[in-house]
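In this note's numbering, the protein residues as written are 4 to 389.
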């Protein structure tokens, strides 16, 4: 006999699953923006795949800094690495690739079921290489070799040096997640780099159907910076624009995506090539005044990915409002919103350039903190003989 409490829990679970299913049915792939050893070994990741429609995972230096910096779940591997006397850089690389490999194995059924479209796990090149093309390519090749799973994606930042690296890595048949995209101009350069990579891969005789890519267009950080400047302006017109720039920017990015992947250049690659899907990143709201599912509810469009922190995933499951495509009908308003921001004396080009520089710097700082924490752990375990 089912109790009232059990029946209520079942109803709530069904409603939760239904909201996320609706999002998936609209053509949005739900990826989790987090990974840790504990999440893997506890079965939590497998549970999210089963109950939350999660079909991919993204990582970044900040995520690994939080996971490995805590030490939880990494004790035995750290002790072994200390015994071997490896360098700090090697230790970090061994731990991060081990996590990504394990997560890729958990997601392999999704990868197989979707023909490689989803079931992906992303790992980023060392952020200290963001402005070095050759080193980025070498690192991407090494990461792909170390993880050794077909469903890995190598994250390359969309810096000027990153663009030719994207082309080279795609041209070698390695799937790429392009990260830290803030501007519409840079996004078009990223798509151009991807197409150039596919053309290079085709010339080398590679099977284009096996190469996938996403372009991670950052959302909430745009509002954080522009809202701050609007608040400083302080006029009624300026304050009325708060919370609108990030959505406008992302919607115009989708318009650019539609344009590029309907072009003659794209068509010439043939039917086996895969479009580089827009991925909405940084979708957890920074301003508590905004609805916590803002960057999910308002960025629903077919052929996209939304990578969410677990808090945003749970909020979407609980009270997200999935009401169909909320992107493609809003291009004119999006342009008007960005133009209105410019009229307030806030230069778009300056903001997105600043955000790119800050994004690289933040990831580099997080990587440095991770290296420092691992260095301390290796030293302690080496001394203690644990």
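Even for Gly, the Cβ is constructed at its ideal location relative to N, Cα and C.
Treat the numbers as computed from the prediction; the structure is a model and nothing was measured.
Apart from the 5 residues on each side of it in sequence, residue 259 sits with its Cβ closer than 8 Å to the Cβ of 187, 190, 191 and 194 in its chain, given in chain order. Residue 61 sits in coil when the DSSP states are folded into three classes, being neither helix nor strand.
Listed as beta-bridge partners of residue 123 by DSSP are 59. When secondary structure is reduced to three states using DSSP, residue 243 falls in the coil class, being assigned neither helix nor strand.
Scanning its chain for C-beta atoms nearer than 7 Å, with the 5 sequence neighbours on each side dropped, one finds around residue 363 the residues 130, 133, 160, 162 and 183, in chain order.
By the neighbour-count criterion, in which a residue is buried when 16 or more other Cβ atoms sit within 10 angstroms of its Cβ, residue 95 is buried. For residue 182, the enclosing beta strand (DSSP E) starts and ends at 179 to 184. The region 234 to 245 makes contact with the region 345 to 364; the number of CB pairs closer than 8 Å reaches 3 or more. Non-local C-beta neighbours of residue 225 in its own chain, meaning closer than 6 Å and more than five positions away in sequence, comprise 248, 249 and 252, ordered along the chain. Annotated three-state conformation of residue 33 is strand, per DSSP. Rounded to the nearest whole angstrom, the CA to CA distance from residue 106 to residue 342 is 43 Å. For residue 366, the secondary structure class from DSSP, reduced to helix, strand or coil, is helix. By the 16-neighbour rule on beta-carbons within 10 angstroms, residue 206 is exposed. Burial state of residue 123 is buried, judged by a 10 Å Cβ sphere holding 16 or more other Cβ atoms. Going by DSSP, residue 159 is part of the beta strand (DSSP E) stretching over 155 to 160.
Assigned with DSSP and collapsed to three states, residue 284 falls in strand. Look at residue 221 here: in three-state DSSP terms it is strand. The three-state reading of DSSP puts residue 252 in helix, counting H, G and I together. For residue 139, the uninterrupted alpha helix (DSSP H) segment begins and ends at 136 to 150. In the displayed model, residue 22 falls within a helix according to three-state DSSP. Per DSSP, the unbroken beta strand (DSSP E) holding residue 310 starts and ends at 307 to 311.
Listed in chain order, the non-local C-beta contacts of residue 66 below 7 Å within the same chain comprise 37 and 38, local neighbours out to five positions each way being set aside. Residue 262 and residue 383 have their C-alpha atoms roughly 55 Å apart.
A direct Cα-to-Cα measurement between residue 59 and residue 285 gives close to 15 Å. Distances from the alpha-carbon of residue 144 to those of 121, 170, 119 and 112 put 170 closest. At a Cβ-Cβ threshold of 9 Å, residue 214 and residue 201 count as neighbours. For residue 193, the enclosing alpha helix (DSSP H) starts and ends at 187 to 206. The beta carbon of residue 366 sits closer than 7 Å to the beta carbons of 63, 64, 65 and 130 from its chain, once the five residues preceding and following it are set aside; these are given in chain order. Just so you know, the alpha carbons of residue 148 and residue 211 end up roughly 19 Å apart. Cα atoms of residue 281 and residue 256: separation of roughly 8 Å, rounded to the nearest angstrom.
In this structure, the CA atom of residue 294 is about 40 Å from the CA atom of residue 379. In its chain, beyond the 5 residues on either side, 300 have a beta carbon closer than 6 Å to the beta carbon of residue 324. In this structure, residue 121 sits away from residue 164, with a CB-CB distance that is not shorter than 9 Å.
Setting aside the 5 residues that flank it on each side, residue 240 is surrounded in the same chain by 343 and 347, each with a C-beta closer than 8 Å to its C-beta; the list follows chain order.
Residue state for residue 216 is assigned as strand, using DSSP reduced to three classes. Buried is the label assigned to residue 166, since at least 16 other Cβ atoms lie within 10 Å of its Cβ.
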